[in-house]
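In what follows, a structure is listed as structure tokens, so that the remarks can point back to it.
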Amino acid sequence: AGRHFGAAFEPRTVNLAERAAGEATLSAAIECACSRANEKLVELLLGRHRLQEHLTHLKEYLLLGKGDFVQALMEPLLPQLSRPASQLHRHHLLGLVESAVRSCTSPGVAAGSGIVGSSGGGSGWARGGSDSEQLLLDHLGVLLSSSPGATGWEAFSLDYRADPPVSAVLSAAAVGEYRRVFTLLWRLKRVELSLSAVWRRHTTAARLVRALSSDALLHRCHLLRHEMVHFVFNLQYYLMFEVIQCSWEGLVAALAAASDLDGLIGAHSAFLSAVVQKAMLGPENAPLLEALDALFETILRFAKSQELLYIHLLEQRAAAKQMAAAAAANTAAGGWGAAGAAEAEALLAEGDAPPLQPHFYEQLRVHAAQYRQQFAAFFAQVTRHASLDLTFLSFRLDFNAYYESLGGA
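The C-terminal position of the sequence shown is numbered 432 in our numbering, with every residue numbered one higher than the one before it.
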């Protein structure tokens, strides 16, 4: 019995080939299980948890890719955002955002209805509308920064809350990058809106006072406005199509090819990084972004001065009509139409261009000089930049080599 017991514990010779085959079988089984788990995870994220739909919402709303939403949002927000940020209320802005979303996604649903209180980081929208619309409203929100002295334009931002497991791809840091891009695009939209308002005022002023069509000041205002519109529209085209849309096509292809969670995260990170870099928001592009901010500020100041000029023209037009009505009443009563040489001269000049105060000419000269100097600095940086995408932007801005001939390059 002792011999048999001892033999049971005698060392056996291990066959290395058998062990290698066993390890290979185990490794293959682990890899197969891992592949199945990754495949199921990707299927769940893209299917049940609708990751690509979340990304589409971010592109259409935080990256302002849905034009009718932008238009529907800016019209009711305009009077609100002109106020100091301290006077704005988040729940009221949420209602305006909801109305804009519903107006461009499901016309049959009454806009502005059914807002409920929110808790945490969510937007707190009421139920209703289509499934995709409700998914958007459940995650879309509004942020108001607390910068002292800021207006609503500087404080307002859209926000997006991603819940687990989607937050593994749409992390808080990633949503923060989306908000940075939104801030740039939102400011660009504000500048575009201001220039559109200037065009309406110029058109109305020329119609009310026909002699202004030959006025040198208004003509120079038209020329400067055209330069600004050319810059804004081409910059907007570059950001929306060359940056966002082209990067989005790459993201869609990468999501379709992803086989695991790391592939999804990598595809989204590459998309977001490309958008941030090409939109001049990277740390190495700080001087370029500073020059762009200076251009935006100059355009907004020009738009404000044109609003004051328009108000001045309307006041002069109203005063001339009032004087003409008083002269007609005096004449009907058997008196003199004008009560003095000054009034007589003003009545004789009715229909001519009203005299404009000298400070309007000085303001235009200052705005034109500032804009052209700042544009030249911005264009020079874009032209010298190593990025091929910005080279395309420089070509669009100076397609006929006009600015290059002025020495702006």
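Note that beta-carbon positions come from the ideal geometry of N, C-alpha and C, so glycine has one too.
Every unbroken stretch of the alpha helix (DSSP H) spanning 4 or more residues and falling wholly within the region 282-356 is given here in chain order: 284-301 and 309-355.
When secondary structure is reduced to three states using DSSP, Asp154 falls in the helix class. Under the three-state reduction of DSSP, Leu166 is assigned to strand. Within the region 71-139, no beta strand (DSSP E) run of at least 3 residues lies entirely inside it.
Between the region 338-347 and the region 409-418 there are fewer than three inter-stretch CB-CB distances shorter than 8 Å, so the stretches are not counted as touching.
Restricted to the region 182-232, the alpha helix (DSSP H) segments that are unbroken, complete and at least 4 residues in length are 195-231, listed in chain order. Using a 10 angstroms sphere on the CB of Ser217, the tally of other CB atoms reaches 16 or more, which defines it as buried.
The DSSP-derived three-state label of Ser180 is strand.
With 16 or more other Cβ atoms from the protein chains shown falling within 10 Å of its own Cβ, Asp421 counts as buried.
For Asp412, the enclosing alpha helix (DSSP H) covers residues Leu411 to Leu420. About 11 Å separates the beta carbons of Val165 and Tyr183, which is beyond the 8 Å limit, so they are not a contact pair. Using a 10 angstroms sphere on the CB of Gly70, the tally of other CB atoms stays under 16, which defines it as exposed. For Gln259, the enclosing alpha helix (DSSP H) covers residues Ala239 to Tyr260. Per the coordinates, the alpha-carbon of Leu100 lies some 38 Å from the alpha-carbon of Ala279.
Approximately 11 Å separates the beta-carbon atoms of Ala281 and Ala293; this is outside 8 Å, ruling out the contact. By the criterion of a C-beta distance shorter than 7 Å, Arg113 is surrounded in its chain by Val165 and Leu167, once the five residues flanking it on both sides are discounted. For Gly273, the enclosing alpha helix (DSSP H) begins and ends at Cys269 to Ala280. Between the region 378-397 and the region 236-250 there are three or more inter-stretch CB-CB distances shorter than 8 Å, so the stretches are counted as touching. The beta carbon of Trp222 is closer than 7 Å to those of Arg248 in its chain, skipping five residues each way along the sequence.
Per DSSP, Ala44 is one residue of the alpha helix (DSSP H) stretching across Leu39 to Leu69. Beyond the five residues adjoining it in sequence on each side, Lys89 comes within less than 8 Å, by CB distance, of Glu83 and Cys127 in the same chain, given in chain order. At a Cβ-Cβ threshold of 8 Å, His245 and His225 count as neighbours.
Distance from the CA atom of Ser296 to the CA atom of Leu160, rounded to whole angstroms, is 26 Å.
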